[in-house]
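**Q**
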Amino acid sequence: MNHTKRSTILGAVALTAAIALTGCGAISGGSTGGDTEASGDLREVKTVTYVNPAPFYPAFDTVANCLTKEGESFGWKVNVVGTAGSAVDNQGAIDLISQAIANGTDALVVFPTIPELFTPVITQARDAGIYVVAQNAGDPSTGQQTQVGTDAYELGQIIAEGLGAEYPDAKVGVLSGSASTTPHVQELTGFQDYAKDNLPGMSVVASEYNNGDATKSPEIWSNMLTAHPDITALFAIQGTDVAAAITAVAERGLTGKVAVVAADLTPDHRAAIEDGTLLGVGEQGWCEAGTKSADAIKDLSEGKELPATIPTTSTWYTKDNLPAE
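Read in order, the letters of the sequence shown are residues 168 to 492 in the working numbering.
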């Protein structure tokens with residue numbers, strides 16, 4: 168796939184979305200799997216529970232705010248719960264889902280970052296007649312009825328294209344959560360595939376994991392730059408690792424020589440783009456994800472068919488095209 172211009176990338180995103188909407192098994196309100204007819208036993212929605220996987224990260228609060236606004240417009244009560252600490256806690260999220268099931272929630276919005284870990288609790292929710300909408304992760308095999316969010320593969324391509332416009336021969340160091348975190352794997356694959364097809368001088372020379380614990384990131388970035396002095400760009404797949412990347416570059420006097428790219432236009436990331444320490448970000452449309460998750464729940468409760476994936480918009484932002492605050 169040779170995408171040489173952003174318009175081509177966006178066309179591919181639209182095509183992917185269209186394929187997802189027409190080619191995936193439709194999932195209806197009262198069923199799991201690939202059924203195309205709604206069950207007659209539809210649950211009325213009064214309460215929705217959103218399980219925030221990382222309350223310390225602003226993007227997930229954006230999902231909560233937009234989900235709540237849309238849900239309240241439908242007359243629902245939206246309960247927002249989240250794990251504690253400064254690292255992603257999958258077991259903590261699973262425990263919160265279990266508690267929501269016990270509390271009798273009518274719908275769940277969750278992030279099954281490692282699908283196989285979440286399959287039992289999502290199956291439990293579906294067996295109880297609870298609607299389950301996944302955010303940015305998971306797999307239909309886990310029992311979720313649709314996934315709302317970023318096409319991670321296309322996001323990786325967009326970030327590679329953006330970096331390549333300024334650093335076509337970048338030697339890239341990457342930090343992500345784990346080899347089991349599906350969207351991180353897809354994003355890195357998209358990045359590498361775009362570089363292979365369009366930027367022959369660009370390559371990933373180092374790739375590390377922090378298991379979702381941002382407190383480990385400063386040491387990982389520092390060690391990476393020491394071990395690979397040829398690095399000219401750092402790619403933080405997790406937004407929580409951006410500040411540490413910027414600091415590691417600055418401490419070596421490499422600001423302006425080693426670029427930093429990432430995802431999500433958070434307030435901190437916007438400020439870093441404006442001051443030149445962050446080259447750009449691939450924004451994932453988090454508010455759109457929250458709104459569309461509420462809409463998906465409403466559709467399920469009305470027996471409507473849904474695709475396996477409901478995509479949100481991804482956009483590459485640099486200092487040249489930052490949107491108004």
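Idealized CB from N, CA, C, for every residue including glycine.
(1) With a threshold of 16 other CB atoms inside 10 Å of the CB of A295, please say whether the residue is buried or exposed.
(2) Which word fits Q314, buried or exposed, when buried means at least 16 other C-beta atoms lie within 10 angstroms of its C-beta?
(3) Quick check: what's the CA-CA separation for E455 versus Y217?
(4) Report the residue from P490, A426, T214 and A251 whose alpha carbon sits nearest the alpha carbon of A332.
(5) When burial is assigned at 16 or more other CB atoms within 10 Å of the CB, is S468 buried or exposed?
(6) If you run the structure through DSSP and keep just helix, strand and coil, what is V427?
(7) The beta strand (DSSP E) that contains V352, what's its start and end?
(8) Would you call the CB atoms of A301 and V277 closer than 8 angstroms?
(9) Drop a sphere of 10 angstroms on the beta-carbon of E410, count the other beta-carbons inside from all chains shown, and report buried for 16 or more, exposed for fewer.
(10) Would you decide whether P490 is buried or exposed? Buried here means 16 or more other CB atoms lie within 10 Å of its CB.
(11) Using CA atoms only, rank isn't needed, just tell me which of L392, P434, R419 and T235 is closest to G406.
(12) When burial is assigned at 16 or more other CB atoms within 10 Å of the CB, is S481 buried or exposed?
(13) Could you say which of S240, T356, V255 and K213 lies nearest to S374 if we only look at CA atoms?
(14) How many angstroms separate the CA atom of A412 from the CA atom of K486?
(15) Taking the C-alpha atoms as reference points, what is the distance between A461 and L209?
(16) Which ranges does the alpha helix (DSSP H) cover as unbroken runs of at least 4 residues, wholly within the stretch 266–316, from first to last along the chain?
(17) Judging by CA-CA distance, which residue of C233, S265, S240 and T280 is the nearest neighbour of P220?
(18) Quick check: the Cα distance between F285 and I261, rounded to an integer number of angstroms?
(19) Taking three-plus beta-carbon pairs below 8 angstroms as touching, is the stretch 250–264 in contact with the stretch 316–332?
(20) So, helix, strand or coil for P385, using DSSP?
(21) G340 bridges to which residues according to DSSP?
(22) Quick check on DSSP: helix, strand or coil for P220?
(23) Just confirm the distance between the C-beta atoms of Y376 and A346, as a whole number of angstroms; I'd bet it's less than 8 angstroms.
(24) Compare the beta carbon distance of G310 and V299 with 8 angstroms and say whether it is the shorter of the two.
(25) Report the residue from K383, G329, P287 and A319 whose alpha carbon sits nearest the alpha carbon of V352.
(26) Return helix, strand or coil for A254, following the three-state DSSP convention.
(27) Inspect the beta-carbon positions of T272 and V215 and report whether they are closer than 8 angstroms.
(28) Look at the alpha carbon of T479 and the alpha carbon of P225, and state the distance between them as a whole number of angstroms.
(29) Cα separation between V245 and T235?
(30) With a 10 Å radius around its C-beta and 16 neighbouring C-beta atoms as the bar for buried, classify S343 as buried or exposed.
(31) Report the partner residues of W453 according to the DSSP bridge assignment.
(32) Using a Cβ-Cβ cut-off of 6 angstroms (strictly less than) and excluding sequence neighbours within five positions of P335, which residues of its own chain qualify?
**A** Here's the rundown:
(1) The residue labelled residue 295 in the question sits at position 128 within the sequence shown. With fewer than 16 other Cβ atoms within 10 Å, it is exposed.
(2) For the purposes of this step, residue 314 is taken as residue 147 along the sequence shown, with counting starting at 1. Under this definition Q314 is a buried residue.
(3) As a position in the sequence shown, residue 455 is number 288, starting the count at 1. As a position in the sequence shown, residue 217 is number 50, starting the count at 1. Between E455 and Y217, the C-alpha separation is close to 15 angstroms.
(4) Counted from its first residue, the sequence shown places residue 332 at position 165. That would be A426, whose Cα lies nearest to the Cα of A332.
(5) Position 301 of the sequence shown holds residue 468. Result: buried.
(6) Position 260 of the sequence shown holds residue 427. Reduced to three states, the DSSP call for V427 is strand.
(7) Residue 352 sits at position 185 when you count from the first residue of the sequence shown. Run containing V352: none in the beta strand (DSSP E); it sits in the alpha helix (DSSP H), T349 to N365.
(8) Taking the first residue of the sequence shown as position 1, residue 301 is located at position 134. Taking the first residue of the sequence shown as position 1, residue 277 is located at position 110. Yes, the Cβ-Cβ distance between A301 and V277 is below 8 angstroms.
(9) On the sequence shown, position 243 is the one that residue 410 refers to. The question names Glu, but residue 410 is Ala in the sequence shown. A410 comes out buried.
(10) Within the sequence shown, numbered from 1, the residue matching residue 490 stands at position 323. Flag for P490 reads exposed.
(11) The residue you call residue 406 lines up with position 239 of the sequence shown. Comparing Cα positions, the closest option is P434.
(12) Stepping through the sequence shown from its first residue, residue 481 is reached at position 314. So S481 ends up on the buried side.
(13) As a first step, residue 374 is located in the sequence shown; it is residue number 207 there, counting from the start. Out of S240, T356, V255 and K213, T356 has the C-alpha closest to the C-alpha of S374.
(14) Residue numbering aside, residue 412 sits at position 245 when the sequence shown is read from its first letter. Residue numbering aside, residue 486 sits at position 319 when the sequence shown is read from its first letter. C-alpha separation (whole angstroms): 18 angstroms.
(15) In the sequence shown, residue 461 corresponds to position 294, counting from 1. In the sequence shown, residue 209 corresponds to position 42, counting from 1. When rounded, the distance between both Cα atoms is 16 angstroms.
(16) 282–294
(17) Start at 1 with the first residue of the sequence shown, and residue 220 comes out as number 53. When only C-alpha atoms are compared, the closest one is T280.
(18) If you number the sequence shown from 1, residue 285 lands on position 118. If you number the sequence shown from 1, residue 261 lands on position 94. Cα to Cα, F285 sits roughly 7 angstroms from I261.
(19) no
(20) Locating residue 385 in the sequence shown gives position 218, where the first residue counts as 1. Helix, per DSSP.
(21) Along the sequence shown, read from residue 1 onward, the residue named residue 340 stands at position 173. DSSP output for G340 lists A373 and L401 as bridge partner(s).
(22) Residue numbering aside, residue 220 sits at position 53 when the sequence shown is read from its first letter. DSSP places P220 in coil when its eight states are reduced to three.
(23) Counting from one through the sequence shown, the residue named residue 376 turns up at place 209. Counting from one through the sequence shown, the residue named residue 346 turns up at place 179. 7 angstroms between Cβ atoms; contact.
(24) Counting from 1 along the sequence shown, the entry for residue 310 is found at position 143. Counting from 1 along the sequence shown, the entry for residue 299 is found at position 132. Yes. Within cutoff.
(25) Counting from one through the sequence shown, the residue named residue 352 turns up at place 185. Ranking K383, G329, P287 and A319 by Cα distance to V352 puts A319 first.
(26) Numbered from 1 along the sequence shown, position 87 holds the residue referred to as residue 254. DSSP places A254 in strand when its eight states are reduced to three.
(27) Along the sequence shown, read from residue 1 onward, the residue named residue 272 stands at position 105. Along the sequence shown, read from residue 1 onward, the residue named residue 215 stands at position 48. Yes.
(28) Here residue 479 refers to the residue found at position 312 of the sequence shown. Here residue 225 refers to the residue found at position 58 of the sequence shown. Rounded to whole angstroms, T479 to P225 spans 18 angstroms at the Cα level.
(29) In the sequence shown, residue 245 corresponds to position 78, counting from 1. In the sequence shown, residue 235 corresponds to position 68, counting from 1. Those two C-alpha atoms are separated by around 6 angstroms.
(30) Here the question's residue 343 lines up with position 176 in the sequence shown. The residue in question, S343, is buried, as its Cβ has 16 or more Cβ neighbours within 10 Å.
(31) Along the sequence shown, read from residue 1 onward, the residue named residue 453 stands at position 286. BP columns for W453 are empty, so no partner.
(32) Your numbering for residue 335 matches position 168 in the sequence shown. Closer than 6 angstroms at Cβ, skipping near neighbours: L366 and G368.
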